[in-house]
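K.L.:
Chains as they are written, first to last, in this note's numbering: chain A, 141 to 286; chain B, 210 to 530; chain C, 8 to 282; chain D, 4 to 341.
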C-alpha cells in the first residue's frame with residue numbers, strides 16, 4: 141500500500157461548459173497540445189449547472205482536485221450563467237477553506253473555445269499543484285477507497 | 210416582564226374573541242417552566258395554557274408555512290428574529306401573507322436551560338424575569354446575559370414585518386459581535402480549523418433537527434431524502450457524509466439564512482451550526498456588500514444576483530494557511 | 008457466528024415473461040440451479056439488486072413447483088424499473104421466505120374457495136390457486152373473479168384461459184374496467200361484478216388488489232351475506248428486514264412481515280386502519 | 004465489594020483498558036457519548052447522561068455487514084460482519100441497562116440478529132447508580148431501581164469513593180483481575196442506595212400513571228383526538244428516536260463505492276416522512292400519524308407483544324432534547340388523564 145501511495149497519480153475532475161471550455165479542450169486536443177491524462181473532463185451545459193454537490197461528490201468518489209471551466213465572464217452562451225457560477229463557487233470554496241480543506245484543490249478558470257493553449261496550460265499547472273498537495277485526505281470517503 | 214405576558218394573553222384573547230382571527234399560533238405551557246412548545250389555540254378557553262416567557266425561543270415562522278395555507282386567518286406572535294424569517298418566507302412565496310396577522314412581540318433575549326444548569330442552580334422550578342436579571346426558584350439572582358442563548362447575545366434585530374407591535378420595554382441589543390468566532394476560526398491555521406470541524410461534525414447523528422426546524426429549509430422533498438439524488442443518506446456512515454450534509458445544507462440557505470440560530474438551539478449534540486451559516490453571511494457581506502436576509506424583501510438575494518466585477522473564486526483571501 | 012438473515016443468497020434469473028405492458032414475471036433459481044428455499048402460498052421474499060435497493064415481493068409460483076420460484080412484478084418504482092431492465096442470466100439477491108402465508112393446510116382445507124383479484128393483485132393468489140390445482144382432492148369448488156383495467160393488463164391471461172378454465176369445478180370470471188375491441192367478456196369493476204355473479208356464501212374468500220378495490224369488494228361480499236371471518240386478504244407495506252425488527256411494517260401491534268401479510272378481515276378490523 | 008478512591012479513577016480505567024476494549028462516557032467538543040476509552044480522552048462518569056444511549060454500542064448507528072462485488076451479471080456476496088471479543092462498558096445507568104432488555108426482545112427473538120447477539124454476548128457491563136437523578140427522569144415508573152442498577156458489576160460513586168460490586172461471574176472474573184482495587188464493606192453503598200431512593204421518590208414524574216396503556220385499549224387510544232394537539236409542534240426530525248435507548252427501527256441501505264456495493268444498516272426514525280413511503284402510496288401520510296405510531300409503539304403495541312414490558316425506560320432524554328419540548332411524559336399525562 142505504501143509503495144502504491146508513492147506513485148499515487150492524482151485524479152483531477154474538470155467540469156467544462158459545453159460552449160467554451162469543452163470546445164477549448166477539444167481544440168487543445170486537435171492542436172496536439174498535451175494536458176495530463178489524469179484529468180477527467182465532465183461536460184456540463186453551462187458552468188452554472190455545477191451544483192456544489194457535484195464538486196463534493198467528485199471528491200467523495202476519489203478526485204484529488206476539482207476544476208470548473210466556463211466561458212469568460214460576459215461571454216456566457218446563456219448570457220449570465222457563469223456570473224452566478226462565479227458567486228456560488230466563491231462561496232463554496234471559501235467554505236471549504238473555512239473547514240480547513242486545502243483551497244488549492246478547487247479552482248475556477250475561464251477558458252474560451254479559442255483558448256486551446258490556455259486549457260492545456262491551466263490543466264498542466266493545476267495537475268502540478270495537485271501533485272504537490274498529494275492525496276486528498278480531508279474530503280475523502282474511505283468506503284470508495286478500498 | 211410579567212406585565213408582558215399579561216398583555217400577550219389579553220391581545221390573544223382579544224384577537225380570538227373579536228373574530229379577527231380564528232386561531233392563534235403561540236406557545237403552550239409544559240410540565241416545567243422551561244419546556245414550552247409551539248401550539249395553535251382555537252378558543253379563548255384554550256388560551257389558559259398559553260404562555261410567553263424567556264423560554265419561548267422556537268421560531269414560529271416555520272409553522273406559518275403550513276398554517277398560513279389553511280382556511281381563515283391566523284394570529285401569530287413573532288419575536289424580532291422570527292419576523293426576519295417570516296419576511297424571507299414572504300419573499301420566497303412560501304407563506305400566504307393575507308392569512309396571517311402578525312403581532313410583533315417584545316423579546317429581551319431567550320434562555321437556554323442548559324446555561325441555567327451550568328450556573329449550578331440545579332433544578333429550575335420557576336424563573337422570574339427582569340430586564341437585566343432573572344430570579345431562579347425565588348432565591349438565586351442570575352445575570353440575564355449568563356443564561357441567554359448565544360444568538361440572543363449578538364442579536365441586533367428589530368421587528369421588520371408586523372401588523373401591530375406589543376412592546377412594553379425597548380429591546381436591548383446584544384453587545385457581542387456575531388462574527389467573532391468566525392474571525393477566530395479564520396485566524397487559525399487550516400490544520401486547526403480542520404481539527405475543530407472534524408471534532409464538531411463527527412458528533413452529528415443526522416437527526417435532521419437542524420434541517421426540519423430551519424425556516425429557510427422549505428423544500429417539499431429534501432435532496433438528502435431523495436433516493437434518486439445519489440447523495441441521500443440516513444446516517445453518517447463515513448466522515449465525508451457529515452461534511453457533505455452540513456456544507457450543502459448551509460449552502461442551500463446561504464443568502465436566505467436570517468441567522469435565527471434555531472439550528473444551533475435544537476442540535477442535540479450542541480454542534481455550533483450557526484458558525485457555518487455565519488461564515489456564508491460574513492463572506493456575502495465581504496464580497497458582495499452588506500446584506501441581511503429577511504430585512505428588505507425588495508432587495509435581490511446575493512446568490513440570485515451578480516455584478517460583472519465580482520471577486521474571482523480563486524482570489525478570495527480565506528483563512529490562514 | 009450464527010447466520011445473519013439480512014445477508015442474502017444469490018438468485019439467477021432463468022426466464023423473464025412479459026405479462027402485460029408493465030408486469031413481468033421473473034423465474035429465479037439458486038446458483039446450483041435449484042430452488043433457493045421452500046415456501047408456502049402467500050409468503051414473500053426479499054429481492055434486491057445491490058446498489059439499487061431491496062424490496063419485498065410475493066412469490067407467485069406455487070410451492071408444488073419444485074424447480075423454481077416466480078415473481079410477477081409490476082414496474083412502479085426504482086427497484087422494479089431496474090428489475091424490468093434485467094435480462095435472462097443476470098443475478099439478483101434473494102432471501103426469505105417471510106410471512107405467514109395462506110392457511111392452505113388448515114382453514115382452507117376442504118372448503119369451496121372464492122378468489123377475487125384486481126390487477127397485479129393476482130400475483131399472490133396465483134400461488135394459492137396453483138397449489139390448490141396440484142392438491143385438488145383437498146378443496147371444493149373454486150371461483151375466481153379477476154378484473155383489470157384492460158385486456159392487456161390481465162396478468163397470466165394465457166394460463167387463465169388455457170389451464171384454469173379447463174380445470175374441473177373451476178369457474179373463472181374475468182372483467183375489465185372499460186369496453187375494448189376484441190373483448191367479449193364482462194365489462195365493469197370487480198366489486199359490482201362480484202355481486203352480479205352472486206356467488207354462494209359457503210365460499211372462503213381471498214381478496215387481493217388495490218386498497219380501494221378491497222374496500223368495495225368487502226362491502227359487496229358482506230351485502231351478499233358473507234361473514235368477515237370468511238374473508239382473507241394480503242397486505243403490503245414498505246419493509247426492510249422481513250423479520251419484524253426494522254419496525255416499519257406494523258399495523259397496530261401486528262407486523263405485516265411476520266404476523267401477516269395474510270390477515271382475516273375480522274382480525275384486521277381489530278387493528279388501526281393504517282394500511 | 005471492592006473500592007477505589009475517585010481521584011485515582013484513571014488507574015482503574017487504564018487497567019481495564021489494558022485488559023480489554025473499554026467503552027465509557029467520553030466528552031468530545033462539549034457532548035458526552037459512549038466511546039472507546041484511550042489515554043488522553045476526557046472520561047466523565049459524573050454527568051448523569053450521555054446524549055446517545057448505550058444502544059449505540061450494541062446496535063450502532065451504522066453497521067456495515069455485507070459487500071457485493073458485481074461484474075455485470077455475477078454477484079459475489081462478502082460477509083463483512085465484525086466479530087467482537089470481550090469488551091467492557093463502564094458507567095451504564097439503570098435505565099440504559101433496562102433498555103437492553105427491551106432491545107433483546109426484538110433482536111434476540113427468532114430469527115436472532117447475529118450482529119446484536121455477538122456484541123451482547125461479549126459485553127461486560129459496569130453499571131453506575133444515579134447519584135443525582137434529574138427532574139426529567141422517570142425510571143421508577145417502569146420499576147427500574149436507579150439506586151441498584153445491577154449489570155455485571157454494580158458501581159456506586161459516593162463521598163469520593165467508587166465502589167464496585169460484581170454481580171455476575173463474568174463481572175467477578177474481570178474485577179478480581181484488577182490490582183488497583185481495595186476490598187470494601189457495603190455500609191456506604193447501602194446508605195447511598197437509601198439516599199438515592201429518597202431522591203427518586205421526590206422527582207416530579209416518579210408517579211406517572213400508566214394504567215390506560217394496555218393492549219385492550221389499543222383501538223380506543225389510537226382513535227383519541229388528543230394526538231392532533233400533542234403532535235402539532237412536531238417537526239418530524241429524528242432527535243427523539245436517535246437518542247432514545249429503546250428505539251430500534253432501522254433501514255438497510257446500499258452505498259455504491261468505486262468498485263462494488265456496501266450494504267449497511269443504520270438507524271431510521273418513524274418520525275421521518277419517507278419512513279413508510281412505498282412507490283405507490285404512504286400509509287402514514289401526516290406527522291400526526293407518525294407521531295402517534297412512535298408513542299403507540301412504545302406504550303401499547305410493544306407491551307402487548309411482550310408481556311406488558313413497556314418500550315420506554317424513563318431515561319428522560321426526549322424530555323431534555325426534543326427541539327420543541329414534546330415528549331413521552333406529555334403523551335402519558337394527556338392520554339392517561341381521561
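A virtual CB, placed ideally from N, CA and C, is assigned to each residue, including glycine.
All figures in this text were calculated on a predicted structure; none of them were measured in a lab.
#1: What are the boundary residues of the beta strand (DSSP E) that residue 348 of chain B is part of?
#2: Just to make sure I have the definition right: I need the residues of chain C whose C-beta is within less than 9 Å of the C-beta of residue 218 of chain D. Which are they?
#3: Tell me which residue opens and which closes the alpha helix (DSSP H) that residue 246 of chain B is part of.
#4: How many whole angstroms separate the CB atoms of residue 89 of chain D and residue 57 of chain D, which I take to be in contact at a CB cut-off of 8 Å?
#5: Do the stretch 94-106 of chain C and the stretch 37-54 of chain C make contact, defined as three or more Cβ pairs closer than 8 Å?
#6: Between the alpha carbons of residue 11 of chain C and residue 178 of chain C, how many angstroms are there, rounded?
#7: Evaluate residue 207 of chain C with the Cβ neighbour count: other Cβ atoms within 10 Å of its Cβ, from every protein chain shown; 16 or more gives buried, anything less gives exposed.
#8: Please check if any C-beta of chain B sits within less than 9 Å of the C-beta of residue 40 of chain D.
#9: Going by DSSP in three states, residue 26 of chain D sits in which element: helix, strand or coil?
#10: Exposed or buried, what is residue 275 of chain C when buried is set at 16 or more other beta-carbons lying within 10 Å of its beta-carbon?
#11: Could you tell me which residues DSSP pairs with residue 373 of chain B in its beta bridges?
#12: Excluding the five sequence neighbours on either side, which residues of its own chain have a C-beta within less than 8 Å of the C-beta of residue 71 of chain C, listed in chain order?
#13: Along the chain, where does the beta strand (DSSP E) that runs through residue 98 of chain C open and close?
#14: Could you compute how far the alpha carbon of residue 472 of chain B sits from the alpha carbon of residue 152 of chain A?
#15: By Cβ distance, which residues of its chain are closer than 6 Å to residue 186 of chain C, with the 5 residues on each side in sequence left out?
#16: Cutting at 7 Å between CB atoms, please list the residues of its own chain near residue 276 of chain D, excluding the five before and the five after it.
#17: Which one or two residues does DSSP pair with residue 66 of chain D in a beta bridge?
#18: Please determine, among B:507, B:442, B:414, the residue with the shortest C-alpha to C-alpha distance to residue 480 of chain B.
#19: Between residue 141 of chain A and residue 177 of chain A, what straight-line distance do the alpha-carbon atoms span, to the nearest angstrom?
#20: What does residue 260 of chain D reach in chain A if we use C-beta pairs closer than 7 Å?
#21: For residue 288 of chain C, does the three-state DSSP call read helix, strand or coil?
#22: Are residue 4 of chain C and residue 20 of chain C touching if we call contact CB-CB under 9 Å?
#23: At a Cβ threshold of 9 Å, is residue 201 of chain A touching chain D?
#24: Just to make sure I have the definition right: I need the residues of chain G whose C-beta is within less than 9 Å of the C-beta of residue 270 of chain A. Which are they?
#25: Could you tell me how far apart the beta carbons of residue 60 of chain D and residue 92 of chain D are, in whole angstroms, since I believe they sit closer than 8 Å?
#26: Which bits of chain A does residue 265 of chain D rub up against, with CB to CB less than 9 Å?
#27: Can a CB atom of chain C be found closer than 9 Å to the CB of residue 63 of chain D?
#28: For the structure I just gave you, are there three or more beta carbon pairs, one from the stretch 269-284 of chain D and one from the stretch 247-258 of chain C, closer than 8 Å?
#29: Please report the distance separating the alpha-carbon of residue 170 of chain D from that of residue 270 of chain B.
#30: Check the Cβ-Cβ distances between residue 258 of chain A and every residue of chain B, and say whether any is below 9 Å.
#31: Grab the span of the beta strand (DSSP E) containing residue 169 of chain D for me, first residue to last.
#32: Rounded to a whole number of angstroms, what is the C-alpha to C-alpha distance between residue 24 of chain D and residue 266 of chain B?
#33: Using C-beta distances below 6 Å, list every residue in its chain close to residue 424 of chain B, excluding the 5 sequence neighbours before and after it, in chain order.
#34: Taking a cut of 8 Å between CB atoms, which residues from the stretch 239-255 of chain C lie near chain D?
#35: Are residue 150 of chain A and residue 270 of chain A touching if we call contact CB-CB under 9 Å?
#36: Should the stretch 479-493 of chain B be regarded as contacting the stretch 390-410 of chain B, the criterion being three or more beta carbon pairs within less than 8 Å?
P.N.:
This is what the structure holds:
#1: Neither: residue 348 of chain B is in no beta strand (DSSP E) and is coded neither H nor E.
#2: Within chain C, the residues whose beta carbon sits less than 9 Å from that of residue 218 of chain D are 260, listed in sequence order.
#3: For residue 246 of chain B, there is no enclosing alpha helix (DSSP H); the enclosing beta strand (DSSP E) has its first and last residue at 246-250.
#4: Incorrect: roughly 17 Å between the Cβ atoms, too far for contact.
#5: Because the criterion of three Cβ pairs below 8 Å is met, the stretch 94-106 of chain C and the stretch 37-54 of chain C touch.
#6: Rounded to whole angstroms, the separation of the alpha carbons of residue 178 of chain C and residue 11 of chain C is 44 Å.
#7: By the neighbour-count definition (other C-beta atoms within 10 Å, threshold 16), residue 207 of chain C is an exposed residue.
#8: It does not; no Cβ of chain B falls within 9 Å.
#9: Note: residue 26 of chain D maps to strand in three-state DSSP.
#10: Buried, since its Cβ has 16 or more Cβ neighbours within 10 Å.
#11: In DSSP, residue 373 of chain B forms a bridge with B:312.
#12: For residue 71 of chain C, where only same-chain residues beyond five positions count, the Cβ hits under 8 Å are 137, 138, 141, 142.
#13: Start and end: 98-105.
#14: In a straight line, the C-alpha of residue 472 of chain B is about 35 Å away from that of residue 152 of chain A.
#15: Taken in chain order, the residues that qualify are 194.
#16: The beta carbon of residue 276 of chain D sits closer than 7 Å to those of 239, all from its chain and outside the five residues before and after it, given in chain order.
#17: Its beta-bridge partners are D:268.
#18: Comparing Cα positions, the closest option is B:414.
#19: In this predicted model, residue 141 of chain A has a pLDDT of only 37, less than 50, meaning its place in the structure is not dependable; the value taken from the coordinates is given anyway. Their Cα atoms are separated by approximately 23 Å.
#20: 283, 284, listed in chain order.
#21: Lying outside 8 to 282, the shown extent of chain C, residue 288 of chain C is not represented and no answer is given.
#22: The structure shown does not extend to residue 4 of chain C, since chain C spans only 8 to 282, so no value can be given for it.
#23: Cβ-Cβ to chain D under 9 Å: yes for residue 201 of chain A.
#24: As a matter of chain content, chain G is missing from the structure shown, whose protein chains are A, B, C and D.
#25: That belief holds up - the Cβ atoms of residue 60 of chain D and residue 92 of chain D are roughly 6 Å apart, short of 8 Å.
#26: Simply 283.
#27: Chain C places no beta carbon closer than 9 Å to that of residue 63 of chain D, leaving this residue out of the contacts.
#28: Yes: at least three Cβ pairs fall under 8 Å.
#29: Distance between the alpha carbons of residue 170 of chain D and residue 270 of chain B: 54 Å.
#30: Closer than 9 Å: no.
#31: Run containing residue 169 of chain D: 164-169, per the beta strand (DSSP E) assignment.
#32: Between residue 24 of chain D and residue 266 of chain B, the C-alpha separation is close to 42 Å.
#33: Only residues of its own chain outside the window of five on either side were considered, and among them 268, 270, 271, 294 have a CB closer than 6 Å to the CB of residue 424 of chain B, listed in chain order.
#34: Near chain D, meaning a CB-to-CB distance below 8 Å, the residues of the stretch 239-255 of chain C are 243, 244, 245, 247, 248, 250, 251, 252, 253, 254, 255.
#35: One thing to note: residue 150 of chain A has its Cβ within 9 Å of the Cβ of residue 270 of chain A.
#36: Contact holds: three or more Cβ-Cβ distances are below 8 Å.
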